[in-house]
Amino acid sequence: MANWRKFILWFAQEHVDFRVQEFDSLVKMFGLQVRRLTEHTMKPFWLVEFRDTDTALQYASRSISLRAMFELYAHSNKLPEFHQRLRNHVTENWGTLAEYFRLESSFKIVVETYNKHFSQKEKVEKIESMDYLPIEGPVNLKNPQVEWWYIEFWGLNPTAVPPEPEEIMFGRLVANGQRHLIKELSLKQRKFIGNTSMDAQLSLLMANQAMVRDGDLVFDPFVGTGSLLVSAAKWGGYVLGADIDYMMVHARCRPSRITQKVREKDESIRANLKQYGCADRYMDVVVADFSNPVWDSRISFDSIITDLPLVI
Ligand SMILES: C[S@@+](CC[C@H](N)C(=O)[O-])C[C@H]1O[C@@H](n2cnc3c(N)ncnc32)[C@H](O)[C@@H]1O
40 MANWRKFILW FAQEHVDFRV QEFDSLVKMF GLQVRRLTEH TMKPFWLVEF RDTDTALQYA
100 SRSISLRAMF ELYAHSNKLP EFHQRLRNHV TENWGTLAEY FRLESSFKIV VETYNKHFSQ
160 KEKVEKIESM DYLPIEGPVN LKNPQVEWWY IEFWGLNPTA VPPEPEEIMF GRLVANGQRH
220 LIKELSLKQR KFIGNTSMDA QLSLLMANQA MVRDGDLVFD PFVGTGSLLV SAAKWGGYVL
280 GADIDYMMVH ARCRPSRITQ KVREKDESIR ANLKQYGCAD RYMDVVVADF SNPVWDSRIS
340 FDSIITDLPL VI
């Protein structure tokens, strides 16, 4: 049974152009039922309504653009109205919210302000302005069981900050996005990279747009150093690549790290997948010219994902 719930999505302000596409791709891939309540998609905070919490969690389990997701308690562009709405929400939904306010639930309230800096003292005052919340549990700043977030959005333009926040929101942290993977797959620590290697964030976003799912067969016809194979494999795809450059495919091209004079013997795309625990997803990479397809017509890929050269 549907149990529609409103959420705040907090996005990183990086690769903003990919945000809507990533969101739409994940919604399509998982077949999620969602209503977007935000019109201005460049804003880092969106309000959305998911069919239920599990649906929301499915989205967060794959999003790279998403920093964190909060169950929405109150939203307004006027402070008095915000406080009134927050009080009402807690009273009206006490049946489901009581467990988060109980004595046994340690908590923390985080104040996040976008496009305007506030001192620690001012942040504490904002928290104190919500002293009507019926919180019983102890504060635990390191490892709380419940995290509530008070968020103020002061516009996107740092040179024209509005006199009042454009949006004031409050919600309970429900999930983080998958941005930890950006660090985990960083090129800085990757075994085999070259001049063409695509950064981890962009590669992960592209694999999300390609709707790569566990068990899919994914092909990159201009594979280079295989950055897109890494992200596709991380999402569970079985990956294949091709490139016209023999030296690239065999990881014999010139090293691109300033500190490295010669390539290690064991550098390869396969070694990269092994490094990230995806060795079982590696099918192969071959030397082939895209304009001369080598594939049997019976082969069918679930997705073809690539980063084109400037000149083919
Ligand atoms: C932009 S790079 C791909 C970078 C790759 N995503 C990576 O992570 O390194 C484009 C690649 O296309 C290859 N290429 C150029 N012309 C090709 C062709 N006709 N067929 C196959 N590969 C080709 C180049 O050798 C180069 O490695």
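Numbering (my numbering), first residue to last: 40 to 351.
In this text, a Cβ means the ideal position worked out from N, Cα and C, and glycines have one as well.
- In this structure GLY176 touches SER144 by the C-beta definition: roughly 4 Å separates them, less than 8 Å.
- Looking only at TYR139, LEU212 and LEU118, the smallest Cα-Cα distance to MET169 is reached by LEU118.
- In its chain, beyond the 5 residues on either side, VAL185 have a beta carbon closer than 6 Å to the beta carbon of TYR139.
- Taken through DSSP and simplified to helix, strand or coil, GLY176 comes out as coil.
- Under the three-state reduction of DSSP output, ILE338 falls in the coil class, being neither helix nor strand.
- Annotated three-state conformation of TRP85 is strand, per DSSP.
- Annotation for ASP323 indicates a beta carbon at 7 Å or more from all heavy atoms of ligand 1.
- Look at ALA51 here: in three-state DSSP terms it is coil, with no helix or strand label.
- With fewer than three CB-CB distances shorter than 8 Å, the stretch 324 to 334 does not count as touching the stretch 229 to 243.
- If one requires a minimum length of 4 residues, the alpha helix (DSSP H) runs lying completely within the stretch 244 to 300 are 266 to 273 and 285 to 288, in chain order.
- Closest in alpha carbon position to ASP238, among MET250, ILE221 and ASP253, is ILE221.
- Membership of PHE62 in the alpha helix (DSSP H) is indicated by the continuous run 58 to 69.
- Between ligand 1 and the CB of PRO83, the shortest heavy atom gap is not smaller than 7 Å.
- In the three-state reduction of the DSSP assignment, HIS128 falls in the helix class, which pools H, G and I.
- Beta-bridge analysis with DSSP links ALA214 to MET108.
- Looking at the DSSP output, PHE46 bridges to VAL87 and GLU110.
- Look at VAL324 here: in three-state DSSP terms it is strand.
- In this model, ASP93 and LEU48 are separated by some 15 Å (Cα to Cα).
- DSSP places LYS227 within a helical segment (H, G or I) once states are collapsed to three.
- For VAL333, there is no enclosing beta strand (DSSP E), as DSSP marks it with neither H nor E.
- For SER236, the distance from the CB to the nearest heavy atom of ligand 1 is below 7 Å.
- A direct Cα-to-Cα measurement between ASP63 and PHE340 gives close to 21 Å.
- Below 8 Å, too few C-beta pairs join the stretch 240 to 248 and the stretch 303 to 322 to call them touching: fewer than three.
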